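Remarks on the structure that follows.
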Amino acid sequence: MEAKKDKKLALVLSGGGIKAAAFHVGVSLALREHGYYFAGGSKEDVENALVDPDKTFTTYVGSSAGSIISAYLASGHSIESIIDSFQMGNLFIRKTRNRLPTFGDLAPLRYKDIFYLNGIEFSGVNLRKFMPRALVDSPILSGGLEALFKQGFKWNGLFSTKGIERYFREKVLEVNQFSDLGVDLFIISTQLNHSRKVIFGDFDIPRKNSDTKWANFASISQAIAASAALPPVFAPYGIPNQKGKEIFFFDGEIRDTLSTHVAHDMGADLVVSSYSIQPYHFNQQIGSLHKYGIPVIINQALYQAVEQKINAYLRYHSNVELIIKIIQDQLSKDMVADDKIEGLTNEIYKALNHRKDVKYVYIHPDPRNHEFFFADHFSLNPEILKRILRWGYKAALKKIKSEKL
Numbered sequence: 002m003e004a005k006k007d008k009k010l011a012l013v014l015s016g017g018g019i020k021a022a023a024f025h026v027g028v029s030l031a032l033r034e035h036g037y038y039f040a041g042g043s044k045e046d047v048e049n050a051l052v053d054p055d056k057t058f059t060t061y062v063g064s065s066a067g068s069i070i071s072a073y074l075a076s077g078h079s080i081e082s083i084i085d086s087f088q089m090g091n092l093f094i095r096k097t098r099n100r101l102p103t104f105g106d107l108a109p110l111r112y113k114d115i116f117y118l119n120g121i122e123f124s125g126v127n128l129r130k131f132m133p134r135a136l137v138d139s140p141i142l143s144g145g146l147e148a149l150f151k152q153g154f155k156w157n158g159l160f161s162t163k164g165i166e167r168y169f170r171e172k173v174l175e176v177n178q179f180s181d182l183g184v185d186l187f188i189i190s191t192q193l194n195h196s197r198k199v200i201f202g203d204f205d206i207p208r209k210n211s212d213t214k215w216a217n218f219a220s221i222s223q224a225i226a227a228s229a230a231l232p233p234v235f236a237p238y239g240i241p242n243q244k245g246k247e248i249f250f251f252d253g254e255i256r257d258t259l260s261t262h263v264a265h266d267m268g269a270d271l272v273v274s275s276y277s278i279q280p281y282h283f284n285q286q287i288g289s290l291h292k293y294g295i296p297v298i299i300n301q302a303l304y305q306a307v308e309q310k311i312n313a314y315l316r317y318h319s320n321v322e323l324i325i326k327i328i329q330d331q332l333s334k335d336m337v338a339d340d341k342i343e344g345l346t347n348e349i350y351k352a353l354n355h356r357k358d359v360k361y362v363y364i365h366p367d368p369r370n371h372e373f374f375f376a377d378h379f380s381l382n383p384e385i386l387k388r389i390l391r392w393g394y395k396a397a398l399k400k401i402k403s404e405k406l
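So the sequence shown is numbered by this note's numbering: it starts at 2 and just counts up by one.
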């Protein structure tokens, strides 16, 4: 399917720290240089700036670090401004015509915005909040090594995402309500005290089931802070619901790495997904990861778990199409009328919430790129970020060519 046939484009961005954010920027830059646009801003801004609807992203889905880049784009900021906000410089940017108007340059995203000490309020230090219940409560169940660790480590996070929330509210967002945007923005988080993924967005009526909650009570900056609260680095982030009850959320990647189904459900025809979680593949230069210690081994374990979830989702889509084709072929052999076959096929698609006309494109790092694997997840070093941006750019170019976008 050629991109020109698609009517609604969605960009889905995963988490993975600042490293993932830089990778997503590189992907976005490559898309823009190949004729794609990123709509964003208020309803009036988008209406006045919309150039080519069939080549313009108007739906953004982000979780964790992906929510940051999604919010930048949905708010109408140019890729140049985003690169400058990460202080990556503009050496890698090529001037192209595919640049929508923006409402201003972005303030730099700094370490103090990201790593805001948990328990420090804007008015001063609150040590009790910095050590929540650590010295006053006994463990619920005693005995064993695990209970000892639970008693000694009751901090709910070293840092808070309050700094990120304030940065977006004060320095990035011209409008801070999902309903005021001229595009669709959905930010994914996870409910701490339940087993639900939470989708924040412009929903007329909030709803929920056993797996998912569709919520409309958060501002954009609050939703970003909730989505980026990666444990144990960041504490869970609380947001008052419609009734004023504070509900706590943490990282949007906990339950789903890529929420492409959100873009699907919102009617997207082309869904471009960017994710930076790529397990290491052995090469002679680096050798085995067992030599590099616990943190690297933990990263590899997490990456493998995430990759398995993504691959399972891809296999599901392929299997649905395969099964339907088998059914159609058999019914044709049995001389069933074409209209009845079509009707049954549509019923199956509806029951499975599956649309055959949706094109999915997945962009990720090269598994042979060990430098990307070892790159720091939370570094704002401009030289490191520029290299990650280039890797995202090159990965996107390769996929654009292979998918004929």
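Just so it is clear, CB atoms sit at the ideal spot from N, CA and C, and this is done for glycine as well. All figures in this text were calculated on a predicted structure; none of them were measured in a lab.
Residues near residue i in its chain [Cβ-Cβ closer than 7 Å; skip 5 each side]
i, result
"residue 260", "13, 62, 64 and 189"
"residue 80", "26, 29, 30 and 33"
"residue 329", "342 and 346"
"residue 21", "15, 66, 67 and 277"
"residue 370", "392"
"residue 350", "356 and 357"
"residue 181", "43"
Under the three-state DSSP convention, the category residue i falls into
i, result
"residue 76", "coil"
"residue 215", "strand"
"residue 185", "strand"
"residue 37", "coil"
"residue 176", "coil"
"residue 390", "helix"
"residue 116", "coil"
"residue 58", "strand"
"residue 160", "strand"
"residue 87", "coil"
"residue 169", "helix"
"residue 24", "helix"
"residue 68", "helix"
"residue 382", "coil"
"residue 9", "coil"
"residue 50", "helix"
"residue 1", "This structure does not reach residue 1, given that the chain is present from 2 up to 406, and the question cannot be answered."
"residue 399", "helix"
"residue 32", "helix"
Alpha-carbon to alpha-carbon, residue j and residue i
i, j, result
"residue 375", "residue 192", "30 Å"
"residue 334", "residue 324", "16 Å"
"residue 194", "residue 73", "29 Å"
"residue 136", "residue 299", "Confidence at residue 136 is low in this model, with a pLDDT of 42, below 50, so its placement is unreliable and no value can be given for it."
"residue 172", "residue 382", "21 Å"
"residue 106", "residue 208", "37 Å"
"residue 202", "residue 287", "43 Å"
"residue 276", "residue 395", "14 Å"
"residue 46", "residue 216", "25 Å"
"residue 248", "residue 225", "15 Å"
"residue 241", "residue 223", "10 Å"
"residue 265", "residue 282", "31 Å"
"residue 401", "residue 184", "24 Å"
"residue 127", "residue 118", "Unreliable placement is indicated for residue 127, whose pLDDT of 46 sits below 50; no coordinate value is reported for it."
"residue 1", "residue 357", "With the chain covering 2 to 406 only, the question about residue 1 has no answer from this structure."
"residue 214", "residue 158", "24 Å"
"residue 57", "residue 178", "22 Å"
"residue 312", "residue 253", "19 Å"
"residue 228", "residue 326", "39 Å"
"residue 280", "residue 49", "43 Å"
"residue 42", "residue 250", "26 Å"
"residue 160", "residue 230", "9 Å"
"residue 163", "residue 348", "46 Å"
"residue 132", "residue 236", "Confidence at residue 132 is low in this model, with a pLDDT of 45, below 50, so its placement is unreliable and the value that follows should be read with caution. Whole-angstrom Cα-Cα distance: 11 Å."
"residue 365", "residue 169", "27 Å"
"residue 367", "residue 244", "47 Å"
"residue 37", "residue 291", "43 Å"
"residue 339", "residue 405", "32 Å"
"residue 55", "residue 398", "20 Å"
"residue 306", "residue 204", "32 Å"
"residue 332", "residue 320", "18 Å"
"residue 322", "residue 113", "48 Å"
"residue 297", "residue 308", "16 Å"
Residues that residue i bridges to, as DSSP identifies them
i, result
"residue 208", "215"
"residue 196", "DSSP, once it has assigned bridges, lists no residue as partnering residue 196."
"residue 63", "14 and 188"
"residue 43", "182"
"residue 201", "188 and 216"
Neighbourhood of residue i by C-beta, 6 Å cutoff - its chain only, sequence neighbours within 5 removed
i, result
"residue 19", "379"
"residue 363", "274"
"residue 39", "58 and 74"
"residue 269", "9, 11 and 60"
Cβ shell of residue i (< 8 Å), same chain only, five flanking positions each side left out
i, result
"residue 314", "259 and 261"
Unbroken stretches of the alpha helix (DSSP H), 4 residues or longer, contained in the stretch 220-301 = 221-228 and 261-266
Within the stretch 297-377, ranges of the beta strand (DSSP E) (whole runs, at least 3 residues) = 360-364
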